[in-house]
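Colleague: The numbering used here numbers the first residue of the sequence shown as 1324 and each following residue consecutively.
Heads up, the beta-carbon is just placed ideally off N, CA and C, and yes, glycines get one too.
I am attaching a structure below and will ask some questions about it afterwards.
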Amino acid sequence: MAGAGSDLEAAVQLRLRSARLVALDVDGVLTDGRIVLDDRGGEAKAFSIRDGAAIVWARREGIDVGFLSGRPSGATTRRATELGVTLVAQVGPDKRQAFGNLLTTAGVQGDEVAYMGDDLMDLPVLAKVGLAASPADAAPEVQARVHWVSGARGGHGAVRELIELLLKARGRWDAFVDEQTA
Ligand SMILES: [Mg+2]
């Protein structure tokens, strides 16, 4: 999305209003893409608490959230469990089939999905969804093909920004703010 004019923002908001499922790539979207490997076979990833809060709020609004990762990881499973996310597909690098399965499980159509991905293997999925999004540090080829690019990087609030925009597009964001200040 080059040069976010108000028309473009309106188009993005329209797409977000019909989203029933927010599907998220994990590495590079929910994390900064780095994996810390220890010498005992374990691995660690850093997730954003603010992204997590937004995921919980989206689910409370009746918007389903799913993770779609090309790389199986115990850290991803644990984060999904913490957030109550049950739609989790951790498969090989070909995300097409996994995305199809995710749609079937969630009972939604591709145009009812907002998907955020950061790298080339996400392009087949990004091409099939109602709202295609990427973090600020996604591959340039990805940024050039999505409807909306977050101002935040993967693992540093990109998902928070997407869900905040979605809840604002539905006129529901203020309710969450009021809830915390009441
Ligand atoms: Mg990725």
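Tell me which same chain residues have a C-beta within less than 8 Å of the C-beta of TRP1496, skipping the five on either side of it?
Modeller: Around TRP1496: GLU1487 and LEU1490.
Colleague: Work out the CA separation of ILE1372 and ASP1389 for me, nearest whole Å.
Modeller: At residue 1389 the sequence reads Gly, which differs from the Asp that was named. Each residue's alpha carbon lies about 17 Å from the other.
Colleague: Between which two residues does the alpha helix (DSSP H) harbouring SER1329 extend?
Modeller: Residues 1329-1340.
Colleague: Along the chain, where does the alpha helix (DSSP H) containing PHE1310 start, and where does it finish?
Modeller: The structure shown does not extend to residue 1310, since the chain is modelled only from 1324 to 1505, so the question has no answer here.
Colleague: Over what stretch of residues does the alpha helix (DSSP H) that includes VAL1465 continue unbroken?
Modeller: That run of the alpha helix (DSSP H) goes 1463-1466.
Colleague: What's the gap between the Cα of ALA1516 and the Cα of TRP1471?
Modeller: Since the first residue of the chain shown is 1324 and the last is 1505, residue 1516 is not available in this structure.
Colleague: For ASP1441 versus GLY1477, is the C-beta spacing smaller than 8 Å?
Modeller: Against a cut-off of 8 Å, the Cβ pair of GLY1477 and ASP1441 comes out as a contact.
Colleague: If the criterion is Cβ atoms closer than 8 Å, does the pair LYS1410 and ASP1387 meet it?
Modeller: Per the sequence presented here, residue 1410 reads as Leu, with Lys not at that position. Contact flag set, yes.
Colleague: Taking a contact to mean a Cβ-Cβ separation below 8 Å, would you say ALA1481 touches ALA1459 in this structure?
Modeller: Going by C-beta atoms, ALA1481 is nearer than 8 Å to ALA1459.
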